[in-house]
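Be aware that the sequence shown starts at 21, since it is given in the working numbering, and climbs by one per residue. Glycine included, C-beta positions come from ideal geometry on N, C-alpha and C. Take a look at the structure below.
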Amino acid sequence: MVKLERLRADHAEALLAFERENRAYFTRTVSDRGDAYFAEFAARHRALLAEQDAGVCHFHVVTDEQGSLIGRVNLVDVEDGCAELGYRIGERAAGRGVATAAVAEVCRLAAAAYGLNALTAVTHYDNTASRTVLERNGFAPVEDITLVGRPGIRYRRPLTAPHCTGGTGGTGTK
21 MVKLERLRAD HAEALLAFER ENRAYFTRTV SDRGDAYFAE FAARHRALLA
71 EQDAGVCHFH VVTDEQGSLI GRVNLVDVED GCAELGYRIG ERAAGRGVAT
121 AAVAEVCRLA AAAYGLNALT AVTHYDNTAS RTVLERNGFA PVEDITLVGR
171 PGIRYRRPLT APHCTGGTGG TGTK
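Put into structure tokens, the structure is as follows:
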């Protein structure tokens, strides 16, 4: 069982440890965050909390049964009832259904708690695991894109009345 918690100030230490622990793992499928991300993490964490307080993003950490941080799921660029989904699950939790369960829960929250109508998501074409998670959660491919110089796919999932058309074309994982 996984649990989503809305990002808080006291998650900073565990989140930084999670990102450091999984840096090499994540760079196998997505662009590296770069050294500045880690060096400026405290300020970045505060900025994310400010964005969340302003209602333009909804950030979550994913924890396991023991309360250990094993991933993150974010809804970014909230506008006109839509947001872009981004997620990353750590290596030690990969392949166990954690991403599928976490995305399902954030989709539920997006409609019930945040009042969103639709979500978009993007992934690289060759990221089969991410594509599977999205498709298992009702996301449908809507267009081929170029994502960080590589072939990618934009997905969309209506939550209620479908009228969201876009997303930023970014990774959705701030």
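In the three-state reduction of the DSSP assignment, Val118 falls in the helix class, which pools H, G and I. Between Glu104 and Ala132, the gap from beta carbon to beta carbon reaches 8 Å or more. Selection Arg116, Tyr45, Glu60 and Val50 evaluated against Val153 yields Arg116 as nearest (Cα-Cα).
The beta strand (DSSP E) runs of length 3 or more contained entirely in the segment 56-93 are, from start to end of the chain, 78-83. DSSP places Ala32 inside the alpha helix (DSSP H), whose first and last residues are Ala32 to Glu41. If you draw a straight line from the Cα of Arg151 to the Cα of Ala119, it comes to about 11 Å. With a beta-carbon spacing of about 17 Å, Leu167 and Leu139 fall beyond the 8 Å limit used to define contacts.
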